[in-house]
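Report on the following structure.
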Amino acid sequence: MTDQSAAESTTPVSLELWSDLVCPWCWISKRRIEAAIAAFERPHDVTLRMRSYELDPQVPVGEGLGVAEHLGRKYGGGVEGGRLMNAHVSDVAVGDGLSFDWHTAVRANTFDGHRLCALALEMGGPALQSAAYERFHAAHFSEGLAIDDHEVLQRLSAEAGLDERRVAAVLAGSDYADDVRGDEELARSMGVTSVPFLLANGRAALTGARSVDDYLALLRGVVTEGG
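Numbering (my numbering), first residue to last: 2 to 228.
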């Protein structure tokens, strides 16, 4: 698995990343995978597709409960205890150029957000889908916005580059629900019970947020083994 053999390979790499919009390790993982792709010998031969996964589909839409408060209630320690639970991931995120504000982050149902990410994939391919994920992640983790509020989603989607009329139509109906459910069913069929989960060329997988070097090694391994 050498840099040279990876450079000489003609094998394309298709990456699929199952993640949730309110999962901090998913955002970290996405950024590290993108860094690995940039460092890869043939970055233009790699595509990254985001796939939907809901960590808690039962979160009531519009609940608006602070993440720290929720964790404090669930595990004890109150709001401050909830913030302390997330201190480690916040420290890690800084190294990946990300900022988490647990004082303002609120719980949200992510189903509609995932539907809009599916719309983004159809409208503009992986690049637009990535932009939507980034905007929704930042809104949740850094800006304290409720990403299950339709007005918020409408604005964030426009900022990410999606067509406003298409977004409004999706939010008013059930379009792309099957896409979200399909991603989740595919994950279940592979035994996936947590995210982030990365699949390369349909066979090589990594679970959890790994280092950039780990993701780069996966890329090189897939192409040198012929896909």
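Beta carbons are placed, not taken as given, at the ideal position from N, Cα and C, and that holds for glycine.
| Query | Result |
| --- | --- |
| Spell out a yes or no on whether the region 85-92 and the region 116-130 are touching, meaning 3 or more CB-CB pairs, one atom from each, closer than 8 Å. | no |
| Leaving out five residues on either side along the sequence, give the residues of the same chain with a beta carbon under 8 Å from the beta carbon of residue 167. | 120 and 124 |
| Counting along the chain, where does the beta strand (DSSP E) carrying residue 198 start and finish? | 198-201 |
| If I measure Cβ to Cβ from residue 2 and keep anything under 6 Å in the same chain, skipping five residues before and after, which residues do I get? | Residue placement at residue 2 is flagged as unreliable, the pLDDT there being 49, under the threshold of 50; the coordinate-derived value follows with that caveat. Answer for residue 2: 221, 222 and 225, listed in chain order. |
| Mind checking which residues open and close the beta strand (DSSP E) that includes residue 19? | 14-20 |
| With H, G and I counted as helix, E and B as strand and the rest as coil, what does DSSP make of residue 56? | coil |
| Could you work out which residue in 29, 138 and 42 is closest to residue 9 when comparing CA atoms only? | 42 |
| Roughly how many whole angstroms lie between the Cα atoms of residue 142 and residue 132? | 15 Å |
| Within the same chain, show all residues whose beta-carbon is closer than 6 Å to that of residue 13, passing over the 5 residues directly before and after it, in chain order. | 46 |
| Rounded to the nearest angstrom, what separates residue 186 and residue 179 at their Cα positions? | 10 Å |
| Would you identify the three-state DSSP class for residue 225, choosing helix, strand or coil? | helix |
| Can you look up residue 146 in the DSSP assignment and give me helix, strand or coil? | coil |
| Do residue 205 and residue 219 have their C-beta atoms within less than 7 Å of each other? | yes |
| When you compare only the Cα positions, how much space is there between residue 116 and residue 181? | 6 Å |
| Just list the residues that DSSP pairs residue 67 with in beta bridges. | 107 |
| DSSP beta-bridge partners for residue 48? | 15 |
| Count the other CB atoms, across all protein chains shown, that sit within 10 Å of the CB of residue 51; report buried if there are 16 or more and exposed otherwise. | buried |
| Look at residue 66 and residue 108 and say whether their C-beta atoms are less than 7 Å apart. | yes |
| Can you tell me where the beta strand (DSSP E) with residue 207 in it begins and where it stops? | 205-208 |
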